[in-house]
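As structure tokens, the structure follows; a few thoughts come after it.
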């Protein structure tokens, strides 16, 4: 279950629990502890390829740049044309293996990359940074980048109780649904999007704004708990939340299922497994878990029409 979770940074995570009016202390504590993350203004890009930074914060990983044609040519770095460039190539992708660089500090490759980013074309960007600290290291992002404009931030948490919510009837063994028996996974996916966006699903005759309605068959739950966390959220935090939600059914509950929906950043240069993200043409890349009370689950993954299919 954790495979898709561990492959992308998160901007929004939402979960919906039918027949629940108040979160447990464990869930609430977990939700309130999704941060912190840091905003660094005008951080020189070359700071991310220093040996000290890599050895302190990066166990494995790559620095992936999405550059326009002029900037790419000015840096002198080696990359590849973006698959979304069209006939006239106007964008390039530059992957830099940070661990490989740190292991070969005396190599010509490291010298060239460092020179390109530090002298030939010094680039500065505003960054959101977060670090999954697994040991007892004392170094922190705040102290490491103290000479720059850095701010500690925390994800924004919104919790609400939805009253008399009409919910689709689902059966874990019927992914495609069945006539008059249960709704399909795509129908649930559309309905969830409407619920998260607070769309009126009554489909009244005089409603000219929305004709959305709950798929059938459905049932009305007296209350449902909706929680949304917005910020720069590490995949490790989502793994812990997913595990906690799975344990929700350790004791008998009225809820037949719960959902966990996760959205990546719309303008991220990468999607799953370092695949290039076609954010100029949409930006969608998200996944949704439906966890049933018998501990079966559905996993739905979606990207924009221009992106490669998720793994």
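Numbering (the numbering used here), first residue to last: 2 to 312. Each residue gets a CB set at the ideal place from its N, CA and C atoms; glycine is no exception.
Along the chain, which unbroken stretches of the alpha helix (DSSP H) at least 4 residues long are found entirely within the stretch 54-82?
Listed in chain order, they are 70-76.
From residue 51 to residue 94, what does the alpha carbon distance come to, in whole angstroms?
For the purposes of this step, residue 51 is identified with residue 50 of the chain shown, where counting begins at 1. For the purposes of this step, residue 94 is identified with residue 93 of the chain shown, where counting begins at 1. So the alpha carbons of these two residues sit roughly 21 Å apart.
Rounded to whole angstroms, what is the Cα-Cα separation between residue 215 and residue 277?
Position 214 of the chain shown, counting from 1, holds the residue named residue 215. Position 276 of the chain shown, counting from 1, holds the residue named residue 277. Answer to the nearest angstrom: the Cα atoms are 34 Å apart.
If distances are taken between C-alpha atoms only, which option among 231, 104, 126, 213 comes closest to residue 32?
Along the chain shown, one-based indexing puts residue 32 at 31. Nearest of 231, 104, 126, 213 to residue 32, Cα basis: 231.
Measuring straight from C-alpha to C-alpha, what distance separates residue 87 and residue 293?
Counting from one through the chain shown, the residue named residue 87 turns up at place 86. Counting from one through the chain shown, the residue named residue 293 turns up at place 292. Taking the straight line joining both Cα atoms gives about 44 Å.
When DSSP labels each residue in this structure, what does residue 286 get in the three-state scheme?
Against the chain shown, residue 286 aligns to sequence position 285. Residue state, collapsed to three classes: strand.
Between the alpha carbons of residue 213 and residue 91, how many angstroms are there, rounded?
By one-based count along the chain shown, residue 213 stands at place 212. By one-based count along the chain shown, residue 91 stands at place 90. Distance between the alpha carbons of residue 213 and residue 91: 40 Å.
Among 123, 142, 57, 120, which residue has its Cα nearest to the Cα of residue 130?
Here the question's residue 130 lines up with position 129 in the chain shown. It is 142 whose Cα lies nearest to the Cα of residue 130.
Kindly indicate the opening and closing residues of the alpha helix (DSSP H) around residue 240.
Working through the chain shown from its first residue, we reach residue 240 at position 239. Segment 236-247, the alpha helix (DSSP H) holding residue 240.
Helix, strand or coil, according to DSSP, for residue 15 in the structure here?
For the purposes of this step, residue 15 is taken as the residue at position 14 of the chain shown. Three-state DSSP puts residue 15 in a strand.
Give the DSSP-derived three-state secondary structure of residue 130 in the structure shown.
For the purposes of this step, residue 130 is taken as the residue at position 129 of the chain shown. In this structure, residue 130 counts as strand in the three-state DSSP scheme.
Going by DSSP, what residue range makes up the beta strand (DSSP E) through residue 88?
Here residue 88 corresponds to residue number 87 of the chain shown, with the count starting at 1. Here residue 88 belongs to no beta strand (DSSP E), and DSSP marks it neither H nor E.
Can you give the Cα-Cα distance for residue 166 and residue 176, rounded to whole angstroms?
Against the chain shown, residue 166 aligns to sequence position 165. Against the chain shown, residue 176 aligns to sequence position 175. Their Cα atoms are separated by approximately 22 Å.
Looking only at DSSP bridge pairs, what is residue 45 linked to?
Taking the chain shown and counting its residues from 1, one reaches residue 45 at position 44. DSSP output for residue 45 lists 125 as bridge partner(s).
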